[in-house]
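> Reading the sequence shown from the start, the letters are residues 1 to 303 in the UniProt record's numbering.
Glycine residues also receive a C-beta, built at the ideal position from the N, C-alpha and C atoms.
These figures come from a predicted structure and were not determined experimentally.
Have a look at the structure that comes next, please.
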Amino acid sequence: MMTSKDGKYNIKAVSKKLGIHPGTLRAWERRYQAINPDRNESGHRLYTDEHIAVLRWLIEKVNEGFSIKQAVELKEADKASGEWSTATDNSSYISHLATDFLKALLAFDEEQAQEWLNRAFSMYSMERVAIELFSIAYDMLEQERRQGTITLAHQQYAVRAMEAKITNLAMVLPADKSKQKILLFCGPHEQSALPLRIFAFYLKRKGFSTICFGTGISVEDAELVVQQCAPILVAVSCRDEQNMQAAEDWLKQVIKKQPNTKIGLLGKGFPELPDNKKANCETLFIGKSRADWEIWVERMLQP
1 MMTSKDGKYN
11 IKAVSKKLGI
21 HPGTLRAWER
31 RYQAINPDRN
41 ESGHRLYTDE
51 HIAVLRWLIE
61 KVNEGFSIKQ
71 AVELKEADKA
81 SGEWSTATDN
91 SSYISHLATD
101 FLKALLAFDE
111 EQAQEWLNRA
121 FSMYSMERVA
131 IELFSIAYDM
141 LEQERRQGTI
151 TLAHQQYAVR
161 AMEAKITNLA
171 MVLPADKSKQ
181 KILLFCGPHE
191 QSALPLRIFA
201 FYLKRKGFST
211 ICFGTGISVE
221 DAELVVQQCA
231 PILVAVSCRD
241 EQNMQAAEDW
251 LKQVIKKQPN
261 TKIGLLGKGF
271 PELPDNKKAN
281 CETLFIGKSR
291 ADWEIWVERM
301 LQP
């Protein structure tokens, strides 16, 4: 009979279950000794239910604003004092708030939506609301649209309301003007800049001078902006795996005259690619969660 201490999940299953990139899991283990998974006879990682619980707790702390290093140190300190627990009782409530917030927007009730946001801000940090609540709400909105339960008008209203709110939040954040700029673009055929604006908020919260553009920017226009700003990073969002190759080609075309510029791909398009196609652009993938972003930014942008 298997117990919670028996290894039974491979890294791909854990990545899907927790919503973070396998590279993030490996980095947490290698750099911070977050957990120590078992190995099978072939040397592949095997994770237990206990490992999953620890990882969920660490993700919760990262979403609260801790760095992964701080979260691991907190875990070890709690263990040493006998106060360690993997319980995260407060973690699911933000999903309920996101649901109620979205329902209000889909009822075209912006006043009620703001009340739900105010409640979220009273319970969570600004960055957690901006990053996690808006991400959850947007994912639910996309699902509703795919299922045909809302109209395009509902979708556009909700997206524009969320874009306006997160843009206003980002505008009050200070940025280090001594740092090179980061430019964020929507890839070809993208319908919304909201996921990109959420990432822009995260980068500004980290102190980076970040400029986020909307949909429909041509290669020629983007090239001119890149030449003018000389950014340290140019990133492109892609939510659909069918558009991934076009997004990668667009990105490489934009920076061809600035070959030293770092590049990145953001969004759900990459994880949905077949495994044989992921290898071509895996190093470019920034990730789909805040935990992924922390590791990617640490590796690519911080000295």
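Say whether the stretch 164-173 touches the stretch 191-201, bearing in mind that this needs 3 or more beta-carbon pairs closer than 8 Å, one atom from each stretch.
yes
> By alpha-carbon positions, which one of C238, R45, T48 and L183 ends up nearest to D221?
Here the closest residue by C-alpha is L183.
> In the DSSP assignment, find the beta strand (DSSP E) that holds C238 and state where it starts and stops.
Looking at the DSSP string, C238 is not in any beta strand (DSSP E), and its letter there is neither H nor E.
> Rounded to the nearest angstrom, what separates A53 and G82 at their Cα positions?
17 Å
> Exposed or buried, which one is H96 when buried takes at least 16 other CB atoms within 10 Å?
exposed
> Check whether the stretch 172-186 touches the stretch 211-218, counting contact only when three or more Cβ pairs, one atom from each stretch, lie closer than 8 Å.
yes
> For Q112, tell me which candidate among S125, Y124, M123 and A98 has the shortest Cα-Cα distance.
A98
> When DSSP labels each residue in this structure, what does K17 get in the three-state scheme?
helix
> Going straight from the alpha carbon of S125 to that of K288, what length do you get?
Those two C-alpha atoms are separated by around 20 Å.
> Inspect the beta-carbon positions of V62 and R290 and report whether they are closer than 7 Å.
yes
> Leaving out five residues on either side along the sequence, give the residues of the same chain with a beta carbon under 7 Å from the beta carbon of H51.
I35 and P37
> Count the other C-beta atoms from every protein chain shown that fall within 10 angstroms of the C-beta of T261, then say buried if there are 16 or more, exposed otherwise.
buried
> Could you have a look at F66 and say whether DSSP puts it in helix, strand or coil?
In the three-state scheme derived from DSSP, where H, G and I count as helix and E and B as strand, F66 is classed as coil.
> Please tell me whether G207 and D176 are closer than 7 Å, where the distance is taken between their beta carbons.
yes
> Go ahead and pull the three-state DSSP assignment for I182.
strand
> Applying the criterion that 16 or more other CB atoms from any shown protein chain within 10 Å of the CB defines a buried residue, is M2 buried or exposed?
Confidence at M2 is low in this model, with a pLDDT of 45, below 50, so the placement of that residue is unreliable and no value is reported for it.
> Do you know whose CA, among A193, L266 and S15, lies nearest T163's CA?
Reading off the sequence shown, one finds Glu at residue 163, where the question assumed Thr. The residue with the shortest Cα to Cα distance from E163 is A193.
> Would you mind sorting M171 into buried or exposed? The rule is 16 or more other CB atoms within 10 Å of its CB.
exposed
> Rounded to whole angstroms, what is the Cα-Cα separation between E294 and Q156?
30 Å
> Determine, using beta carbons only, whether A247 and V236 come nearer to each other than 7 Å.
yes
> Quick check on this structure: which residue in N118, F101, R205 and E190 has the alpha carbon closest to the alpha carbon of T215?
E190
> On a CA-only basis, which of F134, E29, R146 and K8 is nearest Y47? Give me that one, please.
K8
> Under a three-way DSSP split, which group does F199 fall into?
It is helical.
> Can you give me the C-alpha to C-alpha distance between A71 and I59, rounded to a whole angstrom?
9 Å
> Roughly how many angstroms lie between the CA atoms of E282 and Y93, to the nearest whole one?
Y93 has its alpha-carbon roughly 33 Å from the corresponding atom of E282.
> Which stretch, first to last residue, makes up the alpha helix (DSSP H) that contains K103?
Y93 to L106
> Quick one, which of S135, R119, V226 and N118 has its alpha-carbon nearest V254's?
It is V226.
> Using CA atoms only, rank isn't needed, just tell me which of E110, W57, I286 and R128 is closest to D78.
W57
> Ordered along the chain, which non-local residues of its own chain (more than five positions away) have a Cβ less than 8 Å from that of E127?
G65, F201, Y202 and R205, listed in sequence order.
> Ignore the nearest five residues each way along the sequence and tell me which others in V14's own chain have a CB closer than 6 Å to its CB.
Y47
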